[in-house]
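Presented below is the structure to which this report refers.
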Amino acid sequence: GENVEQHPSTLSVQEGDSAVIKCTYSDSASNYFPWYKQELGKRPQLIIDIRSNVGEKKDQRIAVTLNKTAKHFSLHITETQPEDSAVYFCAATPLGGGFKTIFGAGTRLFVKA
Amino acid sequence: DTGVSQNPRHKITKRGQNVTFRCDPISEHNRLYWYRQTLGQGPEFLTYFQNEAQLEKSRLLSDRFSAERPKGSFSTLEIQRTEQGDSAMYLCASSLVAVFEAFFGQGTRLTVV
Chain A
1 GENVEQHPST LSVQEGDSAV IKCTYSDSAS NYFPWYKQEL GKRPQLIIDI RSNVGEKKDQ
61 RIAVTLNKTA KHFSLHITET QPEDSAVYFC AATPLGGGFK TIFGAGTRLF VKA
Chain B
114 DTGVSQNPRH KITKRGQNVT FRCDPISEHN RLYWYRQTLG QGPEFLTYFQ NEAQLEKSRL
174 LSDRFSAERP KGSFSTLEIQ RTEQGDSAMY LCASSLVAVF EAFFGQGTRL TVV
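Those protein sequence lines, which keep their order, are chains A and B. Its first residue numbered 1, the first sequence is counted upward by one per residue in our numbering. Its first residue numbered 114, the second sequence is counted upward by one per residue in our numbering.
As structure tokens, then:
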């Protein structure tokens, strides 16, 4: 069945360093890839997304890359800050054949001051 | 608050009881999604509505689960004969047809004792 694998499960970085989270997906029909940030006890919030017709997208300190051939996509956070500490989820959605978004298991990011 | 609203926020119930959760999406959003999230995992897709039509259901949604969106606005998720394995956070999200960004509610945390 459809699956999204996310690595690493935990990531600890020093403030100011970069953080990279990687995901792979199995459903070749997936063509929309959102990333969500979830702070403890709060709702998931979309931080960036990318569609399959784009290879890279950047929004300030956050960037996402997509390799559709390899079915890989990654989240890059530069100049990390303590408030970036949270759980990050990648997801894959087939927009044409339904909207069953499949989420990765999450990456818990710790940014040490 | 114009975001997605879910009620109740917390529900504790005895095994075997029925429970019903409500989701009020963002007012102009015609797509509505239900997800289940257990500790340390990403949200798992349960079902999705476009207006009042339930267009897709996950295999996770057993016969004890039923969801409705009678007027294409709010939605309810009912779990009959609850089991301890149903304990989880139940998240609702909504989006527009033309824009794929989904906004999540704060969830209903169900504990079955």
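For glycine and all other residues, C-beta sits at the position ideal for the given N, C-alpha and C. For clarity, every value in this text was computed on a predicted model and none was experimentally measured.
Legend: CB atoms of the stretch 50–77 of chain A lying less than 7 Å from CB atoms of chain B are not found in any residue.
The residues E15 and V111, in chain order, have a CB closer than 7 Å to that of A/Q81 in the same chain once the five nearest residues on each side in sequence are set aside. B/Q119 has B/C136 as its beta-bridge partners, per DSSP. A check of alpha carbon separations from A/E56 across A/E2, A/Y32 and A/I102 identifies A/Y32 as the nearest. Remark: three or more beta-carbon pairs, one from each stretch, lie closer than 8 Å, so the stretch 200–212 of chain B and the stretch 126–139 of chain B are flagged as touching.
Straight-line spacing of the CA atoms in B/S179 and A/E79 works out to 45 Å.
When DSSP assignments are scanned along the stretch 27–68 of chain A, the uninterrupted stretches of beta strand (DSSP E) that are 3 or more residues long and fall wholly within it turn out to be 32–38, 45–51, 56–59 and 62–67. Around B/Q193, the same chain offers N131 and R177 as residues with beta carbons nearer than 7 Å, after the five sequence neighbours per side are excluded.
Taking 8 Å as the cut-off, the Cβ atoms of A/R43 and B/G155 do not count as close.
Taking C-beta atoms as the reference points, B/T151 and B/A201 count as a pair closer than 8 Å. The Cβ of B/Y161 sits closer than 8 Å to at least one Cβ of chain A. By the rule that beta-carbons nearer than 8 Å mark a contact, B/P138 does not touch chain A.
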